[in-house]
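Reading through the structure tokens given below for one structure.
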Amino acid sequence: MAWQQAAGTGPHQVRRRSAAAALLAAGLGAVLPGPAQAATVLRVLAWPGYADADFVAVFEKRHGVKVEITTVASDDVLRAKLASPGGPGFDLVAANTAEIARLVDQKMLTPLPVSNIPNTARQLPRFRQLQSIAGITAWGEVYAMPFTYSEMGLVYDRQQFSTPPDSVAVLWDPRWQGKVLAFDGSSHGFSLAAMHRGLAPFRIDPDRFSSLARDLVALRRNVRSFYSLPEESVELFRKHKVAVMHANYGQQQLKQLRDAGLDVGYVVPKEGALAWLDCWAITRRSTKVALAAEWINYMLDPALSREFTRRQGLANTLEEPPALSGDVPMGPIVWLEPVEDETRRAQLWQRIVAGDRPARF
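Per mature numbering (1 follows the signal peptide of the UniProt record, and there is no 0), the sequence shown runs over residues -38 to -1, 1 to 323.
Okay, structure coming up:
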């Protein structure tokens, strides 16, 4: 299911959404169905909000195909979906550069026909320099195309903080027990705990895992809840009068919360913030590479990119993102990298969120 904005779906919102859809279709040009391809189905694995129903409808009509969108709420789920041997599999996946690097290494992706994706010429210069983006090229081939990005900052309630929080330590502060939200994800969870301790987030020494697992048990005991989807975090934030949240979806969650009428601020803590660059890639299992390349080109269309940013609050790769008025990042941005042992992280994380005691780690 495509993500729906947390601000509501009443008649005014519906009219605005319909108007936006009409403008989007106009901006993308005349939409004429191609040759009849009733049996052709393009299967896409993506994050919430990346392929709203009206975006999909335009593409379907233009190419005379059906598009099936499957959304995921964590990298763990994304890996499981791609690894599943049953069913026809996916043609396209949206994933961050660390996940892309892992998929390339496992030979699960096919090189992109970049010459068939002309909208790449419209991207900002730093996103056209593909060889300089770690994880998306190998053996002289391009395996993924940048689409959107954000850092994972801290969202805080301005009514509860006299000054903005400046450290990830706030997530463990007992003063805010029961008023903290954190993301339910093994890789990011251990990286966050490592940064809290001043350690390298992606290369944790084996003898450090036990102490970091105990730190994450302490975090579990301090949080109101772990969330998966962005709209879930908005509902939890509002319902429980949350004070601070580690925002896995970054500025997307900031926009949703503000659209919902909440007075929230956003900072990058002094330890830094993990940051993701999500890209589109074509799986090796796909038999529809040409159509999949058309999808990537379509997602980089200027009209669609602008509408995506307007709806989601996330940056696109064609335009510089607008500055966030009144919010001053404090720490460095730490781009995601492959981790030392994703299986170990996932196994420990399952025990942590299930309620295992610290003495057992």
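Don't be surprised by glycine CBs; every beta carbon is placed ideally from N, CA and C.
At which residues does the beta strand (DSSP E) containing LEU116 begin and terminate?
Locating residue 116 in the sequence shown gives position 154, counting from the first residue. Element bounds for LEU116: 116 to 119.
ARG165: buried (16+ other C-beta within 10 angstroms of its C-beta) or exposed?
For the purposes of this step, residue 165 is identified with residue 203 of the sequence shown, where counting begins at 1. Classification of ARG165: exposed, given that the 10 Å Cβ count is below 16.
Verify whether the separation of the beta carbon atoms of TRP238 and MET261 is less than 8 Å.
For the purposes of this step, residue 238 is taken as residue 276 along the sequence shown, with counting starting at 1. For the purposes of this step, residue 261 is taken as residue 299 along the sequence shown, with counting starting at 1. No, they are not a contact pair.
Distance, Cα to Cα, SER248 vs ARG313?
Within the sequence shown, numbered from 1, the residue matching residue 248 stands at position 286. Within the sequence shown, numbered from 1, the residue matching residue 313 stands at position 351. Between SER248 and ARG313, the C-alpha separation is close to 35 Å.
Just to confirm, is the Cβ distance from VAL6 to VAL27 under 8 Å?
Here residue 6 refers to the residue found at position 44 of the sequence shown. Here residue 27 refers to the residue found at position 65 of the sequence shown. It is not a contact, given that the beta carbons lie outside the stated cut-off.
Which whole-angstrom value is the C-beta distance of residue 324 and ILE295, which I expect to be below 8 Å?
Residue coverage of the chain in this structure runs from -38 to 323, which leaves residue 324 outside it and unanswerable.
Name the DSSP bridge partner or partners of ALA96?
As a working mapping, residue 96 is identified with position 134 in the sequence shown. Under DSSP, ALA96 takes part in no beta bridge, so it has no partner.
From which residue to which residue does the beta strand (DSSP E) around MET107 run?
Here residue 107 refers to the residue found at position 145 when the sequence shown is read from its first residue. Bounds of the beta strand (DSSP E) holding MET107 are 107 to 113.
Out of LEU65, PRO127, SER149, which has the shortest C-alpha to C-alpha gap to ARG306?
Stepping through the sequence shown from its first residue, residue 306 is reached at position 344. Checked all of LEU65, PRO127, SER149; the closest Cα to ARG306 is SER149.
In the DSSP output, which residue or residues are listed as bridge partners for GLU103?
On the sequence shown, residue 103 is found 141 positions in, with the first residue counted as 1. According to DSSP, which records beta bridges pairwise, GLU103 is partnered with ALA100.
Grab the span of the beta strand (DSSP E) containing VAL3 for me, first residue to last.
Translated into the one-based positions of the sequence shown, residue 3 becomes position 41. Note, VAL3: beta strand (DSSP E), 3 to 8.
Starting from the N-terminal side, write out each stretch of the alpha helix (DSSP H) that is 4 residues or longer and does not extend beyond the stretch 238 to 269.
251 to 261
Have a look at TYR111 and LYS69 and give me their C-alpha separation to the nearest angstrom.
In the sequence shown, counting from the first residue as 1, residue 111 sits at position 149. In the sequence shown, counting from the first residue as 1, residue 69 sits at position 107. Approximately 24 Å, taken between the alpha carbons.
When you compare only the Cα positions, how much space is there between GLY275 and ARG322?
Stepping through the sequence shown from its first residue, residue 275 is reached at position 313. Stepping through the sequence shown from its first residue, residue 322 is reached at position 360. Near 41 Å, if we compare the C-alpha coordinates of ARG322 and GLY275.
Taking just the CA atoms, how far does VAL55 sit from VAL266?
The residue you call residue 266 lines up with position 304 of the sequence shown. The residue you call residue 55 lines up with position 93 of the sequence shown. At residue 266 the sequence reads Leu, which differs from the Val that was named. The C-alpha of LEU266 lies about 18 Å from the C-alpha of VAL55.
By the DSSP assignment, the alpha helix (DSSP H) with ILE79 in it spans what residues?
On the sequence shown, position 117 is the one that residue 79 refers to. Run containing ILE79: none; DSSP gives neither H nor E here.
Under a Cβ-count criterion, where at least 16 other Cβ atoms within 10 Å of its own Cβ denotes burial, should PRO50 be classed as buried or exposed?
One-based indexing of the sequence shown puts residue 50 at position 88. Looking at its Cβ environment, which holds fewer than 16 other Cβ atoms inside 10 Å, PRO50 is exposed.
Drop a sphere of 10 angstroms on the beta-carbon of SER195, count the other beta-carbons inside from all chains shown, and report buried for 16 or more, exposed for fewer.
One-based indexing of the sequence shown puts residue 195 at position 233. It counts as buried.
Measure the alpha-carbon distance for TRP257 versus LYS217 and round it to whole angstroms.
What you label residue 257 is simply residue 295 of the sequence shown in a count that begins at 1. What you label residue 217 is simply residue 255 of the sequence shown in a count that begins at 1. Taking the straight line joining both Cα atoms gives about 26 Å.
Using a Cβ-Cβ cut-off of 7 Å (strictly less than) and excluding sequence neighbours within five positions of SER187, which residues of its own chain qualify?
The sequence position of residue 187 within the sequence shown is 225, counting from 1. If we look at SER187 and ignore the five residues flanking it on each side, its Cβ neighbours are LEU143, LEU198.
For the alpha helix (DSSP H) that ALA180 lies in, which residues bound it at each end?
Locating residue 180 in the sequence shown gives position 218, counting from the first residue. Taken as a continuous stretch (DSSP letters only), the alpha helix (DSSP H) holding ALA180 covers 171 to 184.
Could you give the residue range of the alpha helix (DSSP H) that holds MET157?
Walking along the sequence shown from the start, residue 157 turns up at place 195. Where MET157 is concerned, the enclosing alpha helix (DSSP H) stretches over 148 to 158.
Cutting at 7 Å between CB atoms, please list the residues of its own chain near ILE31, excluding the five before and the five after it.
Taking the first residue of the sequence shown as 1, we reach residue 31 at position 69. Taking C-beta separations shorter than 7 Å and ignoring five residues to either side along the sequence, the partners of ILE31 in its chain run ALA(-37), VAL6, ALA8, ALA13, VAL18, following chain order.
Below 7 Å CB to CB, which residues in the same chain sit around TYR105 once its five sequence neighbours on both sides are set aside?
Residue mapping note: residue 105 aligns to position 143 of the sequence shown, counting from 1. The residues are ILE62, VAL66, LEU71, PRO73, LEU74, ILE98, THR99, ALA243.
Between GLY160 and PRO10, what straight-line distance do the alpha-carbon atoms span, to the nearest angstrom?
Mapped onto the sequence shown, residue 160 falls at position 198. Mapped onto the sequence shown, residue 10 falls at position 48. Linking GLY160 to PRO10 through their CA atoms gives a straight-line distance of about 32 Å.
Output the distance between the C-alpha atoms of ASP135 and ARG183, rounded to the nearest integer angstrom.
Residue numbering aside, residue 135 sits at position 173 when the sequence shown is read from its first letter. Residue numbering aside, residue 183 sits at position 221 when the sequence shown is read from its first letter. Cα-Cα distance, rounded: 11 Å.
Answer yes or no: do ASN210 and GLY147 have a C-beta to C-beta separation smaller than 8 Å?
In the sequence shown, the residue the question calls residue 210 occupies position 248. In the sequence shown, the residue the question calls residue 147 occupies position 185. Yes; because the gap between Cβ atoms is below 8 Å, this pair is in contact.
Short of 8 Å in beta carbon distance, which residues of its chain neighbour ALA180, apart from the five on each side in sequence? Order them along the chain.
As a working mapping, residue 180 is identified with position 218 in the sequence shown. Excluding sequence neighbours, ALA180 sits near TRP134, PRO320.
Look up LEU71 in the DSSP assignment and say whether it is helix, strand or coil.
Your numbering for residue 71 matches position 109 in the sequence shown. It is a strand residue.
Can you pull the DSSP bridge partners for VAL226?
Reading the sequence shown from its first residue, position 264 is the one you call residue 226. VAL226 is bridged to ASP119.
Mapping the DSSP letters down to three states, classify PRO(-6) as helix, strand or coil.
Translated into the one-based positions of the sequence shown, residue -6 becomes position 33. In this predicted model, PRO(-6) has a pLDDT of only 49, less than 50, meaning its place in the structure is not dependable; the value taken from the coordinates is given anyway. Reduced to three states, the DSSP call for PRO(-6) is coil.
Per DSSP, which one or two residues make a beta bridge with LYS28?
Along the sequence shown, read from residue 1 onward, the residue named residue 28 stands at position 66. LYS28 is bridged to VAL3.
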